[in-house]
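Undergrad:
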Amino acid sequence: MNNSKENHTLTRTEIMTWLRERDEKRLNVLWANADSVRKLNVGDEVHLRGIIAFSNHCNRTCQYCGINALNKDLIRYAMTQDEIISAIREFESFEYHTVVLQSGEYPGIKRDWITELIKRIKSETNLAITLSLGERSESDLAEWKAVGADRYLLKFETSNEKLYESLHSENKGSWRKRIEMLQTLDKLGYEVGSGIMVGFPGQQFDDLINDLEMFKELNLDMIGIGPYIPHPATKLGKDFKPATVDAKQVPNNKLTTYKMIALTRLTCPLVNIPSTTSLAIIAVDGRAGGLTRGGNVVMPDLTPETFRRHYDIYPSYHREHFNTDNYHHELMASIRSMGRRISSDSGVSLKFKTRNIKISNNDN
Ligand code: 5AD
Numbered sequence: 297m298n299n300s301k302e303n304h305t306l307t308r309t310e311i312m313t314w315l316r317e318r319d320e321k322r323l324n325v326l327w328a329n330a331d332s333v334r335k336l337n338v339g340d341e342v343h344l345r346g347i348i349a350f351s352n353h354c355n356r357t358c359q360y361c362g363i364n365a366l367n368k369d370l371i372r373y374a375m376t377q378d379e380i381i382s383a384i385r386e387f388e389s390f391e392y393h394t395v396v397l398q399s400g401e402y403p404g405i406k407r408d409w410i411t412e413l414i415k416r417i418k419s420e421t422n423l424a425i426t427l428s429l430g431e432r433s434e435s436d437l438a439e440w441k442a443v444g445a446d447r448y449l450l451k452f453e454t455s456n457e458k459l460y461e462s463l464h465s466e467n468k469g470s471w472r473k474r475i476e477m478l479q480t481l482d483k484l485g486y487e488v489g490s491g492i493m494v495g496f497p498g499q500q501f502d503d504l505i506n507d508l509e510m511f512k513e514l515n516l517d518m519i520g521i522g523p524y525i526p527h528p529a530t531k532l533g534k535d536f537k538p539a540t541v542d543a544k545q546v547p548n549n550k551l552t553t554y555k556m557i558a559l560t561r562l563t564c565p566l567v568n569i570p571s572t573t574s575l576a577i578i579a580v581d582g583r584a585g586g587l588t589r590g591g592n593v594v595m596p597d598l599t600p601e602t603f604r605r606h607y608d609i610y611p612s613y614h615r616e617h618f619n620t621d622n623y624h625h626e627l628m629a630s631i632r633s634m635g636r637r638i639s640s641d642s643g644v645s646l647k648f649k650t651r652n653i654k655i656s657n658n659d660n
């Protein structure tokens, strides 16, 4: 395999062979290639992003997600702007250069309120701002960009339109709308992050190959890949049966997630790839495993404990104790022990930098 910068191509057959591979020795070749493509293109720096999940109100009914509107047992919360700013202040002294403002998708979160919050964060800190608020109108997104938002995260979850719509039964056409929003974000000048879940019911290996193609087509700057974790408060989670070996169903395990991270690094060498929290939750060595198979970003949840325990998108999310001094020191030490550096800048995606150079050249 050649490790040249950009344009690494794998055929669908080669990808399928990797996705079905179980031989550890051969898989070590995949891991080593992904790691060297990562090093060659985005280097040894690991970018830390602090997530503030400031509200769990949501009016979507995504069947995999524990904070969906149908979950009536969940205590709903919304942090005030002062609470958000003081939570950010707590992690400023560690090496975070980006805050991710995350919430359920909820019309009660008003455009002006977010505008005001972005302005405050930009005037009071040096942090880059990533928004992750679900689907919003083009005018909301344009205004937030104008006042300083840098990035937006919106997972398309799967390239399989029918499968997506079967999990979001409330509105037909919802998958297409999501894809269009990713294109709108690009047009507005956001750094665009998206991604998928691995192994939710109905997902097949061909879907994963299509996901990889879609990552390229959408020109994404950041790609997050995590295992599906069944949530007992959802119908999908209650009825969940793990995939059997050789089944068409993609398993929701560490190995398949690693493969998708590695294949994403090979096919999209310049993008930022987080080693996701869901991966760290299903396996103690998941965070390090993701970072050595193509990942270059870690996104700990720094929401204050009183709120975070209710941000119950998947089980045990709230049990991770991210927000302690010990946690930060251990995280930084473990990254350094892997021979990697903690980034001292906000970690703008190289993909974003290069595509914007191309755009401005075209303009001349
Ligand atoms: N397992 C794994 N990831 C999940 N998400 C939501 N529910 C689950 C789950 N059960 C992820 C989705 C979504 C984000 C909010 O969290 O990718 O986009």
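Taking our numbering, the leading residue of the sequence shown gets 297, the next gets one more, and so forth.
Where a beta carbon is used, it is the ideal one built from N, C-alpha and C, also for glycine.
#1: Whose CA, out of Ala-445, Arg-345 and Gly-533, lies closest to the CA of Ile-569?
#2: I'd like to confirm something about Lys-441: is its beta-carbon nearer than 7 Å to some heavy atom of the ligand 5AD, or not?
#3: Let me check you understand the geometry: is the CB of Ser-574 closer than 7 Å to at least one non-hydrogen atom of the ligand 5AD?
#4: Mark Arg-583 as exposed unless 16 or more other C-beta atoms lie within 10 angstroms of its C-beta, in which case mark it buried.
#5: In terms of residue numbering, what span does the alpha helix (DSSP H) encompassing Arg-511 cover?
#6: Under 6 Å from any heavy atom of the ligand 5AD, by CB: list those residues in chain order, please.
#7: What's the C-alpha gap between Ser-633 and Arg-474?
#8: Using the Cα positions of Ser-639 and Arg-316, report the straight-line distance between them to the nearest angstrom.
#9: Just tell me which of Thr-421, Leu-326 and Met-375 has its CA closest to the CA of Thr-602.
#10: Tell whether a beta-carbon distance below 8 Å holds between Phe-350 and Ser-399.
#11: Just how far apart, CA to CA, sit Arg-248 and Lys-321?
#12: Using a threshold of 8 Å, state whether the C-beta atoms of Ser-455 and Asp-517 are closer than that.
#13: Report the partner residues of Pro-670 according to the DSSP bridge assignment.
#14: According to DSSP, is Arg-474 part of a helix, a strand, or is it coil?
#15: Cα separation between Met-312 and Asn-506?
#16: State the Cα-Cα distance for the pair Phe-390 and Thr-552, rounded to the nearest angstrom.
#17: Any idea what DSSP makes of Met-663, helix, strand or coil?
#18: Go ahead and label Arg-670 buried or exposed: buried means 16 or more other beta carbons lie within 10 angstroms of its beta carbon, across all protein chains shown.
TA: Taking the structure as given:
#1: Numbered from its first residue, the sequence shown carries residue 569 at position 273. Ranking the options by Cα distance to Ile-569, first place goes to Arg-345.
#2: If you number the sequence shown from 1, residue 441 lands on position 145. Answer for Lys-441: no, Cβ out of range of the ligand 5AD.
#3: On the sequence shown, residue 574 is found 278 positions in, with the first residue counted as 1. Yes, the Cβ of Ser-574 comes within 7 Å of a heavy atom of the ligand 5AD.
#4: Walking along the sequence shown from the start, residue 583 turns up at place 287. Counting Cβ neighbours within 10 Å, Arg-583 comes out buried, since at least 16 surround it.
#5: Taking the first residue of the sequence shown as 1, we reach residue 511 at position 215. Reading off the sequence shown, one finds Phe at residue 511, where the question assumed Arg. Per DSSP, Phe-511 belongs to the alpha helix (DSSP H) from 501-513.
#6: Tyr-360, Cys-361, Lys-451, Glu-453, Met-493, Gly-522, Tyr-524, Ile-525, His-527, Ser-574, Ile-609 and Tyr-610
#7: In the sequence shown, the residue the question calls residue 633 occupies position 337. In the sequence shown, the residue the question calls residue 474 occupies position 178. Their backbone Cα atoms lie some 39 Å apart in a straight line.
#8: For the purposes of this step, residue 639 is identified with residue 343 of the sequence shown, where counting begins at 1. For the purposes of this step, residue 316 is identified with residue 20 of the sequence shown, where counting begins at 1. Cα to Cα, Ser-639 sits roughly 35 Å from Arg-316.
#9: Here the question's residue 602 lines up with position 306 in the sequence shown. When only C-alpha atoms are compared, the closest one is Met-375.
#10: Here the question's residue 350 lines up with position 54 in the sequence shown. Here the question's residue 399 lines up with position 103 in the sequence shown. Yes, the Cβ-Cβ distance between Phe-350 and Ser-399 is below 8 Å.
#11: There is simply no residue 248 to check, as the chain begins at 297 and stops at 660 in what is shown.
#12: On the sequence shown, position 159 is the one that residue 455 refers to. On the sequence shown, position 221 is the one that residue 517 refers to. Cβ atoms of Ser-455 and Asp-517: not closer than 8 Å.
#13: Since the first and last residues shown for the chain are 297 and 660, residue 670 lies out of range.
#14: On the sequence shown, residue 474 is found 178 positions in, with the first residue counted as 1. Arg-474 falls in the helix class under three-state DSSP.
#15: In the sequence shown, the residue the question calls residue 312 occupies position 16. In the sequence shown, the residue the question calls residue 506 occupies position 210. Roughly 11 Å separates the two Cα atoms.
#16: Residue mapping note: residue 390 aligns to position 94 of the sequence shown, counting from 1. Residue mapping note: residue 552 aligns to position 256 of the sequence shown, counting from 1. Straight-line Cα distance between these residues: approximately 32 Å.
#17: Here the chain comprises residues numbered 297 to 660, so residue 663 is not present and cannot be evaluated.
#18: This structure leaves residue 670 out entirely; the chain is present only between 297 and 660.
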